[in-house]
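A.B. asks: Per full-length UniProt numbering, numbering of the sequence shown is gapless, rising by one per residue and ending at 482. Pasting in a structure now, in structure tokens, and then I'll have a few things to ask.
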Amino acid sequence: MSTVPVPQRRLFWRNFDIQYHSVHPNLRHMKRNMWELPHWALWLGGVLEAHGYSDMGVLDLYTDPGTFNAPGRLAKDVVEKAARDNPADVYLFSPMTVNLCYAYEISTVIKQVHPAATVVYGGVVATPLAHEVAAHPSVDYVVVDRGERALPALLDALRDGRDVATVGNLVYRDSHGRTSRTAIRYPDVAPADLPFPKIDLFPASSGGDIRYLRQVYALGCPYQCTFCTIQTIGRRPGYFPIERVLREIRAYRAHYGAHHNIYWGDETFTLHPERTLELLDALDREGDVRYDCQTRLNCLTDDRVLRKLKSSGCQWIEIGLETASQDSHHTHKHHMNLDTTIETLKRVRDAGLATCAFTVNGFPDQTPDDMVRSIDWISDLIDQDLLQATYLFGLVPYPGSGMYQNPERFGMKILHRDFSLYHEDLPPVYATDKATPDQIYQVFLDGLDTFAQAMDKRPYFSDVPPVGDLTEYGGFWADAHV
Ligand code: SF4
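Quick look at the structure:
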């Protein structure tokens with residue numbers, strides 16, 4: 001992987017992990033920093049297998065320490081060797097925005113080594129930028145939105161020599177070099193109808209490279225935060241059958257390690273209390289699942305849910321608090337009311353549940369002083385033991401977000417489209433009339449120091465003092481990862 005050198009991150013992550021480890025006693029350190037399995041790959045692997053495509057593998061250039069010569073510089077010889085060692089008819093890519101440039105470079109090498117191979121892109125950045133991505137000479141097709149129908153339909157058409165114009169959700173270059181989208185739009189597949197994931201797509205040894213296993217109960221989020229790219233997944237949550245969810249957890253842990261915690265990938269895990277309680281009852285009966293989840297403050301008000309979260313194995317709840325400014329919440333965070341923050345966090349803590357905030361710096365309606373107030377607010381909540389930790393991200397108007405689509409509406413001017421710099425740890429890629437990019441970034445860097453200090457304390461939920469030898473916390477926090 002490539003890394004972003006931000007010196008303040010080192011102490012920040014180290015102190016974050018003091019808090020994180022205190023409520024994750026079984027956590028093992030990652031041998032290589034994959035962090036988590038790319039969920040989409042196992043998911044679509046299952047879809048393809050169900051359609052009869054069983055000969056597939058993964059090319060893991062992410063954790064290979066030799067993939068980059070230096071930050072931002074791919075080692076072409078390493079990529080070339082990987083391509084030669086892994087010949088295939090079709091290569092699938094689903095990069096994040098900041099990785100798009102590396103995905104292009106890798107695709108170019110693949111096209112040089114295997115000129116007859118087909119290169120297909122999809123996912124969170126390829127969908128909103130479909131025409132631009134499809135115009136790249138090393139990309140043959142872009143599958144837009146969810147790919148469970150389009151991808152097997154595309155492979156079938158290619159295999160049978162049929163016209164791909166009959167495949168839905170597809171963008172590609174025509175014979176004149178113009179990109180166009182096919183006419184058909186597939187409806188999303190209901191979670192209950194999705195094939196079982198291809199659990200063993202990665203070798204079992206990858207279990208040593210991940211921090212947790214991601215699992216999904218509900219897909220989609222009904223809110224419309226201006227900085228979010230959830231559109232790719234969908235707005236109306238659809239639920240997987242509980243028995244299927246439990247089978248997946250068992251299968252993942254059997255392959256990658258029974259010690260693994262689960263991280264619920266649902267964007268708002270406690271959105272519908274009754275649906276959540278059904279799952280929590282099942283987890284309670286399962287007995288040995290320990291997990292983390294993410295949700296919104298306004299979805300943590302039901303005491304039945306809080307009690308059941310605790311008894312069913314929840315260890316850590318991540319909450320999108322984002323900023324102290326209620327005005328910013330009204331504009332950017334859809335239905336978030338901060339008045340109840342302290343009361344809600346107290347109830348969550350008193351239910352025995354550790355919490356961690358998502359904090360976002362750089363909202364365009366804020367002055368630098370407003371941003372500092374947000375950092376201080378979160379810091380104060382940590383001081384009061386109402387939060388155990390926080391992440392800190394610089395705001396990025398990612399393609400696919402409302403901000404990227406319509407920056408003027410939010411008082412932003414996007415400065416460039418060099419997506420290799422669209423990263424939460426790098427200087428902002430936009431300007432506002434309230435703060436310069438330099439001012440915003442300075443608040444971010446100072447905020448990392450402030451939060452590092454706030455988290456440097458005895459954990460609330462554990463009597464175990466922080467370990468003396470900090471290397472015992474693993475090494476992932478040495479750099480920010482791309
Ligand atoms: S930020 Fe969270 S709550 Fe807002 S739209 Fe995205 S997933 Fe939903």
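Where a beta carbon is used, it is the ideal one built from N, C-alpha and C, also for glycine. Being a predicted model, the structure only gives us computed values, none of them experimental.
Any idea if P428 is buried or exposed, counting beta-carbon neighbours within 10 angstroms, 16 or more meaning buried?
C.D. replies: buried
A.B. asks: Which same chain residues, not among the five before or five after A82, have their C-beta less than 7 angstroms away from its C-beta?
C.D. replies: L59 and L61
A.B. asks: Does the distance from the CB of F444 to the CB of L392 come in under 8 angstroms?
C.D. replies: F444 places its beta carbon less than 8 angstroms from that of L392.
A.B. asks: Mind checking whether the beta-carbon of Q315 lies closer than 7 angstroms to any heavy atom of ligand 1?
C.D. replies: no
A.B. asks: Please classify Q405 as buried or exposed, where buried requires at least 16 neighbouring CB atoms within 10 angstroms.
C.D. replies: exposed
A.B. asks: Thinking C-alpha only, which one of C314, Q8 and D418 is nearest G287?
C.D. replies: C314
A.B. asks: Leaving out the 5 sequence neighbours to the left and right, which residues in its chain are closer than 8 angstroms to F227 when beta-carbon positions are compared?
C.D. replies: H332, V360, L395, V396, P397, Y398, S401, G402 and M403
A.B. asks: Does DSSP put G122 in a helix, a strand or coil?
C.D. replies: strand
A.B. asks: Could you check how far apart the C-beta atoms of Q8 and L448 are, in whole angstroms? I think they sit under 8 angstroms.
C.D. replies: 4 angstroms
A.B. asks: Does DSSP put A389 in a helix, in a strand, or in coil?
C.D. replies: strand
A.B. asks: Let me make sure I understand the geometry here. Which of L219, R304 and Y252 has the alpha-carbon closest to that of residue 512?
C.D. replies: This structure gives no information on residue 512, because the portion of the chain shown stretches from 1 to 482.
A.B. asks: CA-CA distance, V78 and T67?
C.D. replies: If you take the alpha carbons of V78 and T67, they lie about 6 angstroms apart.
A.B. asks: Identify whether G394 lies in helix, strand or coil by the three-state DSSP scheme.
C.D. replies: It is a strand residue.
A.B. asks: For the candidate residues L381, V98 and S54, whose alpha-carbon lies nearest to that of S420?
C.D. replies: For S420, the closest alpha carbon among the candidates L381, V98 and S54 is that of V98.
A.B. asks: Enumerated in chain order, which unbroken segments of the beta strand (DSSP E) with a length of 3 residues or greater are wholly contained in the stretch 171-230?
C.D. replies: 179-181 and 213-215
A.B. asks: In the DSSP assignment, what residue or residues form a beta bridge with S294?
C.D. replies: Residue identity check: residue 294 is Gln in the sequence provided, not Ser. BP columns for Q294 point to E318.
A.B. asks: Could you give the uninterrupted runs of the alpha helix (DSSP H) lying entirely in the stretch 247-289, keeping only those of 4 residues or more?
C.D. replies: As far as the stretch 247-289 is concerned, its whole alpha helix (DSSP H) runs of at least 4 residues are 273-286.
A.B. asks: With burial defined as no fewer than 16 other Cβ atoms inside 10 Å of the residue's Cβ, what is the status of K198: buried or exposed?
C.D. replies: buried
A.B. asks: At which residue ranges does the UniProt domain "B12-binding" (22-165) contain complete beta strand (DSSP E) runs of 3 or more residues, listed in the order of the chain?
C.D. replies: 68-70, 90-93, 118-122 and 141-143
A.B. asks: Count Cβ pairs between the stretch 19-31 and the stretch 203-222 that sit closer than 8 angstroms; are there 3 or more?
C.D. replies: Yes, the stretch 19-31 touches the stretch 203-222.
A.B. asks: Is there at least one non-hydrogen atom of ligand 1 closer than 7 angstroms to the beta-carbon of R214?
C.D. replies: R214: no, Cβ never under 7 angstroms from ligand 1.
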